[in-house]
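Worksheet: the structure to be examined is printed underneath.
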Amino acid sequence: MHRLSHLRSAVSRRLRPSGASAASAGQVRDARAESRRWAQAYEQLLAAAQGRRPGKPPREVPEDAVAGVAKRRDPALTDWLLAGTEPSVAYARAAREIVLGQGAPRGQAFADALVARLGGAPGHLAAATVAYHRKLTSLADHHFSQVAESEALTAAPLELVGTLFACDPKRAQATVERWLAEDLDLGTQTWFDALRHVWPTGDAELTARLHERVVTTHEATGSPDWTDAELHITWIDRWRGATRGRSLPTPTGRVPFAVIDYVQPGRTKTSQNIGDHIQTLASLGHVARHQNLRWHGEEGLPELLGDLQQRVRPELRLDTAAGDVELYRTERDASSFQAFPEGTWLLEFGWHMHDLLASGVWDFPLHPNLRPIFVSFHCNKRALLTEESLEYLRTYGPIGCRDWTTVDLLLSLDVPAFFSGCITTSVSTVFPELSERPEPATVYVDHVRGPVPKGQRNIKQSRAIVKRRSFIENMREAITLLEWYRTNFTDVVTMRLHCYLPTRSLGLAVDFQPKFNADIRFNGLYDIDDREFDAIRARMIERLQPVLAAILSGAGEDDVYALWRETVAGEVAAARARHDAVIALDAPGASAAELVAPLAVQDAPVGADAVDVVLVAAERDLARLPTFLTAAAAASSRPLRFHVLAPLADPGVSAPTGHEVRWVDTTSVPAAERKAVEVLVPELLGGVRRAVLLPMDAIVLGDLAELAGLDLGGHAVAARDTTLPGASGFQVFYDAARRLDDDPHGAYDFYRRVHARHVFDFDAYDTAVLVLDLERLRAEGFTDEMLTHVRAFGLTTREALHLYAGPHRAAVPPQWAHVPTREHLDEEPSLVHWADRAKPWSGPYVARQELWPTTAAAPVSPR
45 MHRLSHLRSA VSRRLRPSGA SAASAGQVRD ARAESRRWAQ AYEQLLAAAQ GRRPGKPPRE
105 VPEDAVAGVA KRRDPALTDW LLAGTEPSVA YARAAREIVL GQGAPRGQAF ADALVARLGG
165 APGHLAAATV AYHRKLTSLA DHHFSQVAES EALTAAPLEL VGTLFACDPK RAQATVERWL
225 AEDLDLGTQT WFDALRHVWP TGDAELTARL HERVVTTHEA TGSPDWTDAE LHITWIDRWR
285 GATRGRSLPT PTGRVPFAVI DYVQPGRTKT SQNIGDHIQT LASLGHVARH QNLRWHGEEG
345 LPELLGDLQQ RVRPELRLDT AAGDVELYRT ERDASSFQAF PEGTWLLEFG WHMHDLLASG
405 VWDFPLHPNL RPIFVSFHCN KRALLTEESL EYLRTYGPIG CRDWTTVDLL LSLDVPAFFS
465 GCITTSVSTV FPELSERPEP ATVYVDHVRG PVPKGQRNIK QSRAIVKRRS FIENMREAIT
525 LLEWYRTNFT DVVTMRLHCY LPTRSLGLAV DFQPKFNADI RFNGLYDIDD REFDAIRARM
585 IERLQPVLAA ILSGAGEDDV YALWRETVAG EVAAARARHD AVIALDAPGA SAAELVAPLA
645 VQDAPVGADA VDVVLVAAER DLARLPTFLT AAAAASSRPL RFHVLAPLAD PGVSAPTGHE
705 VRWVDTTSVP AAERKAVEVL VPELLGGVRR AVLLPMDAIV LGDLAELAGL DLGGHAVAAR
765 DTTLPGASGF QVFYDAARRL DDDPHGAYDF YRRVHARHVF DFDAYDTAVL VLDLERLRAE
825 GFTDEMLTHV RAFGLTTREA LHLYAGPHRA AVPPQWAHVP TREHLDEEPS LVHWADRAKP
885 WSGPYVARQE LWPTTAAAPV SPR
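Residue numbers for the sequence shown follow our numbering, beginning at 45 and rising by one.
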């Protein structure tokens, strides 16, 4: 009775207008029956997603397998439905909890099953929610387009806003303007999410209206569904009314000079790492060397510079002519929304890692009134390096780079660059020698590669309090922290670059143990000896001295940049020569001919018009191989010659009538080369001019003769644009290098080679379905060249093909490599590839699994 009473109350609240009579008992019974139907449907969908029968509990997991790990809990969808929650809202909420709490595979299985078995708004909204959180925004956009906007705004508002801006920012902006005009009743967080995406556009009028709506909605409702509302709103309010490119009057008789801070309108993207302020401290040490300057500016800055002048080592002090400097604080990640006088100078350094308000848009180039001198600069974000940004770097270059990877990246883009190392190597400038050293002791700072010894603390340099303190407070804390390190310890163990280099600069012995030794950011800084470290520091001091002297004396912009180019010209030339140098890769091993010789490939063709199809199989694929062959043959207008590469003896696979199977036992191929065995195909099929390569976890529905006849446009390879989130070809290389953690210098060599070979960046592609011009690949020595890189750097086939071709490839049409768990296809597919974990023949439900034949051909067994 209690449950019925509760449900009747819920139905009354949802259905009864103010002042109307309560729901009748019949209405309550009908609503309860509908909720039960939804709950039963959910159980069927959940069972499909878990690969079990409805009503049967999931397979038990041994207790020891989950020791110390929180047990997985399915969403309380039944309770939500019984409480009167709209099905669309309930299913979207369940999808969100599953994909975020249990992972993408389970979330995708739930969404796919829901769309296939139930459909309608609940299915599409759940699927859109999962797709958005998998960063598959085009797929999310498709599912959102299948439902009414009002339903999407009710069930998945944040996912809808994020999807709109990811897919079409202009359309999204117009949509948000319409919502404001229609005075829609949206939650505070939804309006805030729209605000954080509109902010980087610089549309001051729309930004102001959204900001006002965020504040008024919060004041009116208290934002009960957003626990951090007050925190984020208070934070962004300090930027209220800020517009791009504002100017201040030029200070009379003073040189305007900006100092880098790390605050921005997005609280989550504001730095909480005191190591950033240590960078600023090191940069100001170079300015403070000039002893006869008078400082002016906002409260605290002049006093800070005056104190640093007094801290400069006696041997590094410069007897500069007297002058006045007006100091300004600039935010590294949001300078465009501040105000500066024209011609404000800036030492520009560090990693531009934070997008504005987590919007995917970087505030770069900097404010137009800033005049940067680039040293210790790192960048690797494709979205940051727009053509506008590249022209900006060329204008204000040469660019002093913190690491060699950034040097090579910029040189590939025709931006003059050189290796400066990190500015924190010179922080010792404002730390005079100690009169006595501490007793031997070790401090652990953000140590992650093992346990901290008993009795030791693990000091944290990244803490939330850094966000809450003022710039001056953080600068004072940076000084205090470094003083504490050097007066209490002789040794440091740390993962932090901006603990490793500054403490080494102060004379401590440092064991640098980063999370990832081969990180692109550490190329040139990791595992360097004292001579190399001292050279970086000395050269940093040497190159900045004349340029800062010119700036602080009031020299003109043209003169300063001419001096900068002259000062670093030799370093730029040396970097360019290094970048252009061709260095042979030493990776001993058998040649392609030697690897192929034992594989005994037949020469006799079935017919001149046969399509050559390459399959790479494992023992687990044998049961499905006949089904695959049968489906492909049934759709083909020409004979198919299947070349099956597998580390197994021929199990006696029968080819469909009129077609042929050639089994290639790859057992003799060494393990390193076998994981990229496709690289051998041009030499393996020596008499074949063209071949298609297909995945085994797929079904062919179209005529392979069509795919084989694809126009390659003068290229040797055709591949499908990637269906994975993230389209960076260079990210494929960077991810490959993550396997070289034990060989960081090998990874650094790999980075140099890929940047010398290809211009940053190009679109990544999938390599499960390929069309290969084998004749051209043989003529270009593809196999032997790529085998060397496979051995040296452990590359997979996908990575080797990206290295070989870069952007120079034809495109396989989407219908010939359709991945239904990652994309929507308007036309019928010619090949469906189940590229994710779920497969149609086992495990949870997966999209388009009905295309896999339920009655399979007779399986084969390994001999």
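Glycine included, every Cβ here is placed at the ideal spot set by N, Cα and C.
Q | Under the three-state DSSP convention, the category Q893 falls into | A | In the structure shown, Q893 adopts helical secondary structure according to DSSP, grouped into three states.
(Q) Rounded to the nearest angstrom, what separates V650 and L569 at their Cα positions? (A) Caution is warranted here: a pLDDT of 49 is assigned to V650, below 50, making its placement in the model unreliable, and no coordinate value can be reported.
(Q) Just to check my reading of the structure: D653 and P683 have Cβ atoms closer than 8 angstroms, yes? What is that Cβ distance to the nearest angstrom? (A) Between the beta-carbon of D653 and that of P683 there is about 7 angstroms, and that keeps the pair under the 8 angstroms contact cut.
Q: Would you identify the three-state DSSP class for N336, choosing helix, strand or coil?
A: The answer is coil: DSSP assigns N336 none of H, G, I, E or B.
**Q.** Residue nearest to A448 in terms of C-alpha spacing, selected from R282, L457, F463
**A.** Note on residue identity: the sequence assigns Trp, not Ala, to residue 448. Minimum Cα distance to W448 is reached at F463.
Q. Helix or strand or just coil, what does DSSP make of A114?
A. Confidence is the limiting factor: at A114 the pLDDT is only 31, short of 50, which leaves the residue's position unreliable and the question unanswerable from this model.
Q | Nearest neighbour of G598, chosen from P119, P300, R481, T674 [CA to CA] | A | It is P300.
Q. Helix or strand or just coil, what does DSSP make of N567?
A. In the structure shown, N567 sits in coil (DSSP, three-state: anything other than H, G, I, E or B).
Q: For the stretch 751 to 798, list the beta strand (DSSP E) runs that are entirely contained and at least 3 residues long, ordered along the chain.
A: Counting only runs of at least 3 residues, the stretch 751 to 798 fully encloses the following beta strand (DSSP E) elements, listed from N- to C-terminal order: 761 to 765.
Q | Cα-Cα separation between D709 and L728, rounded to whole angstroms | A | Going by the C-alpha atoms only, they are around 12 angstroms apart.
Q. What are the boundary residues of the alpha helix (DSSP H) that A742 is part of?
A. Per DSSP, A742 belongs to no alpha helix (DSSP H); it is in the beta strand (DSSP E), 742 to 744.
Q.
Closest to V303 by C-alpha separation, out of D237, T287, T388, would be which residue?
A. The candidate whose alpha carbon is nearest that of V303 is T388.
Q | Residue from T827, T767, V220 whose Cα sits closest to the Cα of E722 | A | In this structure, T827 is the residue among T827, T767, V220 with its C-alpha nearest to the C-alpha of E722.
(Q) Tell me which residue opens and which closes the beta strand (DSSP E) that P300 is part of. (A) Taken as a continuous stretch (DSSP letters only), the beta strand (DSSP E) holding P300 covers 299 to 305.
Q: Go ahead and pull the three-state DSSP assignment for G329.
A: Three-state result, G329: helix.
Q: Measure the C-alpha to C-alpha separation of L768 and A562 and round it to an integer number of angstroms.
A: Between L768 and A562, the C-alpha separation is close to 24 angstroms.
Q: Keeping to the same chain, check which residues put their C-beta closer than 7 angstroms to that of R361; ignore five residues upstream and five downstream.
A: So the qualifying residues of the chain are R333, Q335.
**Q.** Exposure label - Q353; buried when at least 16 CB within 10 Å
**A.** With 16 or more other Cβ atoms within 10 Å, it is buried.
Q) Using the beta-carbon count (16 or more within 10 Å), is S194 buried or exposed? A) Here S194 is exposed: its Cβ has fewer than 16 other Cβ atoms, across all protein chains shown, within 10 Å.
Q.
Can you find the residues in the same chain that come closer than 8 angstroms, C-beta to C-beta, to E483, ignoring five residues on each side of it along the sequence?
A. Counting only Cβ-Cβ distances below 8 angstroms, and skipping sequence neighbours, we find T534.
Q: Run the CB neighbour count on V626, radius 10 Å, all protein chains shown included, and call it buried at 16 or more, exposed below.
A: Residue burial is scored here from C-beta neighbours: V626 has fewer than 16 other C-beta atoms within 10 angstroms and is therefore classed as exposed.
Q.
Measuring alpha carbon to alpha carbon, tell me which residue in D817, A716, R288 is nearest A836.
A. Per the Cα distances, A716.
Q.
Please list the terminal residues of the continuous alpha helix (DSSP H) segment that includes E727.
A. If you look at E727, you'll find it in the alpha helix (DSSP H) that goes 725 to 728.
Q) Counting pairs of Cβ atoms below 8 angstroms between the stretch 819 to 826 and the stretch 738 to 749, do you hit three or more? A) These segments do not touch.
Q: Closer than 6 angstroms by C-beta to G465: which residues in its own chain qualify, once you throw out the five before and the five after it? Chain order, please.
A: For G465, where only same-chain residues beyond five positions count, the Cβ hits under 6 angstroms are I580.
Q. Is it a yes or a no for the stretch 804 to 817 touching the stretch 749 to 763, going by three-plus beta-carbon pairs under 8 angstroms?
A. These segments touch.
Q.
Could you check whether the stretch 548 to 562 touches the stretch 505 to 517, counting it as contact only if at least three pairs of C-beta atoms, one from each stretch, sit closer than 8 angstroms?
A. With fewer than three CB-CB distances shorter than 8 angstroms, the stretch 548 to 562 does not count as touching the stretch 505 to 517.
Q) Can you find at least 3 beta carbon pairs, one from the stretch 628 to 640 and one from the stretch 655 to 675, that sit closer than 8 angstroms? A) Contact between the stretch 628 to 640 and the stretch 655 to 675 is absent, with fewer than three C-beta pairs closer than 8 angstroms.
Q | Three-state secondary structure assigned by DSSP to T388 | A | In the structure shown, the three-state DSSP call for T388 is strand.
Q. Going by beta carbon distance, what residues of the same chain come within less than 6 angstroms of E894, once the five residues before and after it are set aside?
A. Nothing listed; no residue qualifies.
Q: Let me know the alpha helix (DSSP H) ranges lying completely inside the stretch 190 to 273, each 4 residues or longer, listed in chain order.
A: Runs found: 193 to 199, 201 to 211, 213 to 225, 232 to 242, 248 to 265.
Q: May I ask you to report which of helix, strand or coil DSSP gives W406?
A: Correct three-state label for W406: coil.
Q: Could you tell me how far apart the beta carbons of I443 and L454 are, in whole angstroms, since I believe they sit closer than 8 angstroms?
A: Rounded to whole angstroms, the Cβ separation of I443 and L454 is 6 angstroms, and the two are in contact under 8 angstroms.
**Q.** Inter-residue spacing [alpha-carbon to alpha-carbon] between A225 and T219
**A.** About 10 angstroms.
(Q) Using 8 angstroms as the cut-off, can you tell me whether the stretch 364 to 371 makes contact with the stretch 200 to 208, which would need three or more C-beta pairs spanning the two stretches below that distance? (A) No, the stretch 364 to 371 is not in contact with the stretch 200 to 208.
Q) Candidates D212, R892, A879: which alpha carbon is nearest P873's? A) Selected option, being the one with the closest Cα: R892.
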